[in-house]
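So in this note's numbering, spot 225 of the sequence shown is number 239, and the numbers just go up one at a time. Backbone N, C-alpha and C fix where the C-beta goes; we use that ideal spot for every residue, glycine too.
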Amino acid sequence: MAPKLLSAKANSSVAGLQLYSLRDQLPKDVKGNIAKVAAAGYKEVEPFGYSKKDGFWGLDAKAFSTLLKDNGLTTASGHFGMDEYFVQGKTDDLEAYIEAANTTGMQYVIVPSINGEVLKSADQFKMVADKMNKAAEICKKSGLKLGYHNHNFEWKPVDGTTFYDVLLKNTDPALVHMEMDIYWVVRAGQDPVKLFEAHPGRFALCHLKDMDKVNHNLNTEIGKGAIDFKTILSHKKLAGLKHFIVEQENYINIDPYVSIKESANYVKNVLHV
């Protein structure tokens, strides 16, 4: 395994960008787009879609890490598809992810979602939570932490409970860290602050993704939408938040690069995180 590089430390004045925001652009010119992310004012990035075969958009972990450093960027976390592990119980992909995470200097291996095939009953919820604890133990042995990123399906009632409730109750807080996607929490009809109060210190990372005021299915730039980030993030210490990651899944009549710069400016100058 490659030696772990120095990673991004918790810095409340640095905004990150989830690179899924530029998923259409990155495959065409990964080097040029990473440079544009840095030019937009970001200091961290959160990659997604890594595979041992294709790496990060054709770059292996070492080359991708060099690209980030050349642009003054770090990466504290990455989204890694875990269906093979949670559905089939295989750890091959997980081990490859751990190696890539260490090579790029990450702190967190993030589970971006869970295959719905293993989320049909409360018993399956508990089984997934148990597997998450075991994956977190594997990560810990390699100097990493495991995180989980939510959407809104986690609050769908099943057998008198929800997947998110089971996950928070049955995973070890010292091992499994939550990456709250604030947009999806709000869209699910939940209150981020109440979750912080009920589970203080569980939320090491968050996605800042705003909700269009007219069509709640769409995103907009941070500060232009319906989500009250000022109030939510006034509780950041209670939540345990260390990393604040902008993400935008769609763009309405705006160039993506202009959009991510607007969001970076708002996060830095208004939210002060």
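Asked	Found
Cα-Cα separation, residue 54 to residue 162	27 Å
Cut-off 7 Å between Cβ atoms - residues of its own chain near residue 147, not counting five sequence neighbours on either side	185, 186, 189 and 190
Cβ pair residue 108, residue 143 closer than 8 Å	no
Local conformation of residue 99 per DSSP, three classes	helix
Check whether residue 222 and residue 243 have beta carbons under 8 Å apart	yes
Which listed residue (31, 165 and 157) has its alpha carbon closest to that of residue 115	157
Of the residues 48, 220 and 127, the one placed nearest residue 84, counting alpha carbons only	48
Rounded straight-line distance, which links the Cα of residue 71 to that of residue 94	14 Å
CB of residue 90 within 8 Å of CB of residue 56, strictly	no
Residue 88 (DSSP reduced to helix, strand or coil)	strand
Terminal residues of the beta strand (DSSP E) in which residue 218 lies	217–222
Distance, residue 256 Cα to residue 24 Cα	Interpretation of residue 24 is limited by its pLDDT of 40, a score under 50 that renders its predicted location unreliable; the figure taken from the coordinates is listed afterwards. Approximately 5 Å between the Cα atoms of the pair.
Distance, residue 253 Cα to residue 215 Cα	5 Å
Residue environment, residue 159, which counts as buried when at least 16 other CB atoms sit within 10 Å	buried
Inter-residue Cα distance where the pair is residue 64 and residue 240	32 Å
Under 8 Å between C-beta atoms of residue 193 and residue 178	no
Near the ligand SAM: residue 28 beta-carbon under 7 Å from a heavy atom	Ligands are entirely absent from the displayed structure, and the ligand SAM is therefore not among its contents.
Euclidean distance between Cα positions of residue 17 and residue 127	Interpretation of residue 17 is limited by its pLDDT of 42, a score under 50 that renders its predicted location unreliable; the figure taken from the coordinates is listed afterwards. The alpha-carbon atoms of residue 17 and residue 127 are separated by roughly 28 Å.
Classification of residue 131 by the beta-carbon crowding that lies within 10 angstroms, buried from 16 upward	exposed
Length of the line joining the Cα atoms of residue 270 and residue 32	13 Å
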